[in-house]
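A.B. asks: The opening position of the sequence shown corresponds to residue 845 in our numbering, with each subsequent residue numbered one higher. The structure that follows is given in the form of structure tokens.
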Amino acid sequence: MASCRNRSYFINLRVILLLLIHNCRLHAAVLTYDGCMSDSANSYKVGGWCFLVYSNSSMTTKTLTQAGAQTVCGPMGNLAVGVTYKMLEKYKTQYLSASVKMAWLPLVRNASSGWAWKTLMPRGNYAVFPAIMANIPSAANEMNDGGVENAAVAYYSMGISDLENDLSIYASTPIAVICQFAPLLWKYLQRGHGLFKVPAYLIAQANVTRAGCFRQCHRSPFCISMAFNPTTNDCQTYGVSPEDPRFSGNVTANSAYDWHIRDGMEY
Ligand SMILES: *[C@@H]1O[C@H](CO)[C@@H](O)[C@H](O)[C@H]1NC(C)=O
Ligand SMILES: *[C@@H]1O[C@H](CO)[C@@H](O)[C@H](O)[C@H]1NC(C)=O
Ligand SMILES: *[C@@H]1O[C@H](CO)[C@@H](O)[C@H](O)[C@H]1NC(C)=O
Ligand SMILES: *[C@@H]1O[C@H](CO)[C@@H](O)[C@H](O)[C@H]1NC(C)=O
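Okay, structure coming up:
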């Protein structure tokens, strides 16, 4: 009896291992930074990140909630946050189509504090940043429905739209996710001097070395730029860039702060 049980245990274990290896192969090819970089038809590169529109035949409005979408891009990536208006606008006309019209975004609405980006990171924590609405290409009359529409998607030809976080009440239709993958190495060129004094743009502020400031920006899926003061070691990381015409009007001139901006940004 005992040896029988042991053998079936080993057989089961082998089946599980084979399934795991099989699944890893299926996903490893796509849902990594390298997989994203090599899938040019479905990926968009900006600021060093690679963004991938991913869907498969089992992902529909009946099977994938926004909460479920949070784990699809893991463990190497996260559900993509909107790093610029231009980046989010791409999905209106590119990558999504008449056959896959929607892609989940990690935008959540809180009745009292408004919209925020909240994305599950590879380390298992959620990264959260209040949404800057000027940076979101909302579909006409969307993002303001209130009530139960506390989640959002990128919608083909329309823009960013608010919806319920569980769409299973609707007919079954394919849905995608947009994954965000960070490279191992990054460059932050030093460009001029100044800082932002708009609290909504600030991700974090700390007293650290310049290298520590780069690391802080590097770890954040939101960080586009930073201002560093080498005399006081004040490091401020921002969700917008002083070179983005939407926000450059709010730059405060200050020769004590060095701007660093992610290479490869587009606005
Ligand atoms: C499709 O994506 C879902 C959601 O991540 C995943 O659970 C499933 O294994 C995928 N199916 C295939 C065939 O890749
Ligand atoms: C909504 O935001 C308020 C104020 O920031 C906070 O106290 C509350 O916990 C939030 N609610 C949820 C469900 O996140
Ligand atoms: C940085 O250090 C200064 C001077 O010690 C202090 O006043 C400030 O609060 C510190 N800032 C942060 C974000 O810790
Ligand atoms: C500066 O920031 C404020 C607050 O976010 C915003 O209302 C204003 O439009 C911004 N001005 C410019 C020129 O970007």
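C-beta: ideal position from N, C-alpha, C; glycine also.
Compare the Cα-Cα distances from N969 to each of S1064, S1099 and Y1082 and report the closest residue.
C.D. replies: Closest by alpha carbon: S1064.
A.B. asks: Work out the CA separation of D1107 and T909 for me, nearest whole Å.
C.D. replies: Approximately 34 Å between the Cα atoms of the pair.
A.B. asks: Among V944, T1096 and N922, whose alpha-carbon lies nearest the alpha-carbon of G1036?
C.D. replies: Of the candidates V944, T1096 and N922, the one whose C-alpha sits nearest the C-alpha of G1036 is T1096.
A.B. asks: May I have a chain-ordered list of the alpha helix (DSSP H) segments no shorter than 4 residues that lie completely inside the segment 880 to 937?
C.D. replies: Within the segment 880 to 937, the complete alpha helix (DSSP H) runs of at least 4 residues are 910 to 913 and 929 to 937.
A.B. asks: What is the rounded straight-line gap between the Cα of W1113 and the Cα of T905?
C.D. replies: Residue 1113 lies beyond the range of the chain shown here (845 to 1111); nothing can be said about it.
A.B. asks: Consult DSSP for M946 and reduce its assignment to one of helix, strand or coil.
C.D. replies: If DSSP states are grouped into helix, strand and coil, M946 belongs with the strands.
A.B. asks: Could you check the C-alpha separation between T1076 and A1100 for me, to the nearest Å?
C.D. replies: Distance between the alpha carbons of T1076 and A1100: 9 Å.
A.B. asks: Provide the residue span of the beta strand (DSSP E) that contains F1058, from first to last.
C.D. replies: Counting along the chain, F1058 falls outside any beta strand (DSSP E), though it belongs to the alpha helix (DSSP H) covering R1054 to R1063.
A.B. asks: By DSSP, does D1102 sit in helix, in strand, or in coil?
C.D. replies: Residue state, collapsed to three classes: strand.
A.B. asks: Looking at the unbroken beta strand (DSSP E) that takes in A1048, where does it start and where does it end?
C.D. replies: Taken as a continuous stretch (DSSP letters only), the beta strand (DSSP E) holding A1048 covers L1046 to N1051.
A.B. asks: Since I believe I976 is in contact with V1084 (beta carbons under 8 Å), could you give me their beta-carbon distance rounded to a whole number of angstroms?
C.D. replies: V1084 to I976, Cβ: 7 Å. Contact.
A.B. asks: So what does DSSP say about Y1014, is it helix, strand or coil?
C.D. replies: Y1014: coil per DSSP, three-state reduction.
A.B. asks: Within 10 angstroms of the Cβ of Q1060, are there 16 or more other Cβ atoms? Answer buried if so, exposed if not.
C.D. replies: Buried: at least 16 other Cβ atoms inside 10 Å.
A.B. asks: Look up Y1111 in the DSSP assignment and say whether it is helix, strand or coil.
C.D. replies: In this structure, Y1111 counts as coil in the three-state DSSP scheme.
A.B. asks: By Cβ distance, which residues of its chain are closer than 7 Å to T1081, with the 5 residues on each side in sequence left out?
C.D. replies: Only I1047, A1048, Q1060, C1061, S1064, C1067 and M1070 meet the Cβ criterion.
A.B. asks: M1109: which of T915, S884, G926 and G879 sits nearest, CA to CA?
C.D. replies: It is G926 whose Cα lies nearest to the Cα of M1109.
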